[in-house]
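> Please see the structure below; I have some questions.
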Amino acid sequence: MSKPQPLAVEAPTRNEEEYEKNHVHEVYEVIADHFSDTRYKPWPVVENFLNGLPIGSLGADVGCGNGKYIGVNPHVMMLGSDRSTNLIKIVNQRGFEGMVCDGLDLPYRAAAFDFAISIAVIHHFSTPERRLSALKELLRIVRPGGRLLVFVWALEQTKFSKRNFEPGKQDVFVPWMLTKKTGNEEEKQAPTVYNRYYHLFQQGELDGLFHQIPGITIEASGYDRDNHYVIAKKAIE
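Numbering (my numbering), first residue to last: 136 to 372.
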């Protein structure tokens, strides 16, 4: 069986929550264990950000997946959250604090955290309005003077990238192949393909979303490992 390739799609114009439920949330519930097995090495920019924080800082990892970033810096306290119940089970099994919740409606009081990170999450929201709302919710939970780090997949890929996207197409289904561990040999050899929705960010697009939010300053932005990222600081009132 040849490896399936990403497929360009039309972003939804209505029923966005249902669309994301079908093409993001339910997929991660099914692939959680296999996905977790492939997510173990921190990206350098994220690792450096976390290790540069003041001792005793309190932070939120929103869309934490299997929690691989929660224990990077043992001198800060981090709370993880994700929409996937099965991924949060893995987080808890690893001895970290994690809860199931929606990135657009986080169960934290305003200004509760010194910092927040969102790594490879915002691109799963299917409209510009929902992506902006997700950033605003991150800003809400961070105190004045607190910092944010956000990573998203980039439309622009290097020649060494394993991601094979159709040029210029920003909304795509990215396949995940999951092989059965039980059943007859034929069933084991025929993997099931699950498609996850992604919005691929153009250069400057993530910065542009941040510029729409008052009371925040971009400290740094860049391109790393075929992703765009922004480090931002909430204004001191």
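Virtual Cβ for every residue (Gly too), placed ideally from N, Cα, C.
Every value quoted in this text rests on a predicted model; they were computed, and no experiment measured them.
Going by other Cβ atoms of all chains shown within 10 Å of its Cβ, with 16 needed for buried, is glutamate 155 buried or exposed?
buried
> Between leucine 274 and valine 226, what straight-line distance do the alpha-carbon atoms span, to the nearest angstrom?
24 Å
> Looking only at C-alpha atoms, which of Lys304, Met213, Pro310 and Asp342 sits nearest to lysine 297?
Ranking the options by Cα distance to lysine 297, first place goes to Pro310.
> Quick check on the burial criterion: 16 or more other C-beta atoms within 10 angstroms. Buried or exposed for glycine 318?
For glycine 318, the predicted model reports a pLDDT of 48, less than 50, meaning its position is unreliable; a value from the coordinates is still stated below. Exposed, by the Cβ-count rule.
> Taking glycine 202 as the reference, give the member of Gln228, Arg266 and Ala370 with the closest Cα.
Gln228
> Would isoleucine 353 pass as an interface residue toward chain E - the criterion being a Cβ-Cβ separation below 7 Å?
Structure shown: chain E not included; a single protein chain is present.
> Can you list the alpha helix (DSSP H) stretches of 4 or more residues lying completely in the segment 254 to 339, in chain order?
263 to 276 and 320 to 324
> In terms of alpha-carbon separation, which member of Val211, Glu182, Val256 and Arg360 lies closest to proline 189?
Val211
> For asparagine 362, is the classification buried or exposed, using 16 other Cβ atoms within 10 angstroms of its Cβ as the cut-off for buried?
buried
> Restricting to Cα atoms, I'd like to know which of Arg278, Lys138 and Thr220 is closest to histidine 193.
The amino acid at residue 193 is misidentified as histidine; the sequence shows leucine. Distances from the alpha-carbon of leucine 193 to those of Arg278, Lys138 and Thr220 put Arg278 closest.
> Spatial neighbours of threonine 262 within its chain, please: C-beta separation below 8 Å, excluding the five flanking residues on both sides.
Ala146, Pro147 and Glu151
> Let me confirm a value: phenylalanine 295 is counted as buried when at least 16 other C-beta atoms fall within 10 Å, else exposed. Which label applies?
exposed
> Label leucine 185 either buried or exposed according to how many other C-beta atoms from any shown protein chain fall within 10 Å of its C-beta, with 16 as the threshold for buried.
buried
> Hey, how far is the Cα of glutamate 153 from the Cα of lysine 271?
21 Å
> For threonine 282, which residues in the same chain have their Cβ closer than 6 Å to its Cβ, ignoring the five residues on either side in sequence?
The sequence as given places arginine at residue 282; threonine does not occur at that position. Taken in chain order, the residues that qualify are Phe250 and Lys368.
> What are the start and end residues of the alpha helix (DSSP H) that includes valine 365?
Where valine 365 is concerned, there is no enclosing alpha helix (DSSP H), although the beta strand (DSSP E) it sits in stretches over 362 to 369.
> Specify, as a first and last residue, the run of the alpha helix (DSSP H) that tyrosine 154 falls within.
151 to 155
> Which two residues bound the contiguous beta strand (DSSP E) that contains alanine 195?
193 to 197
> Taking the continuous alpha helix (DSSP H) assigned at threonine 220, which residues delimit it?
220 to 228
> Cutting at 6 Å between CB atoms, please list the residues of its own chain near glycine 280, excluding the five before and the five after it.
Ile371
> Would you give the residue range spanned by the beta strand (DSSP E) that leucine 188 belongs to?
Counting along the chain, leucine 188 falls outside any beta strand (DSSP E), and DSSP gives it neither H nor E.
> Please name the residue, chosen from Val287, Gly198, Met312 and Val285, that lies closest to glycine 238 on a Cα-to-Cα basis.
Gly198
> Run through DSSP, which three-state label would methionine 214 get?
Contrary to the premise, residue 214 reads as leucine rather than methionine in this sequence. The answer is strand: DSSP assigns leucine 214 an E or B state.
> Nearest by alpha-carbon distance to arginine 149: which of Arg265, Arg331 and Ile166 is it?
Arg265
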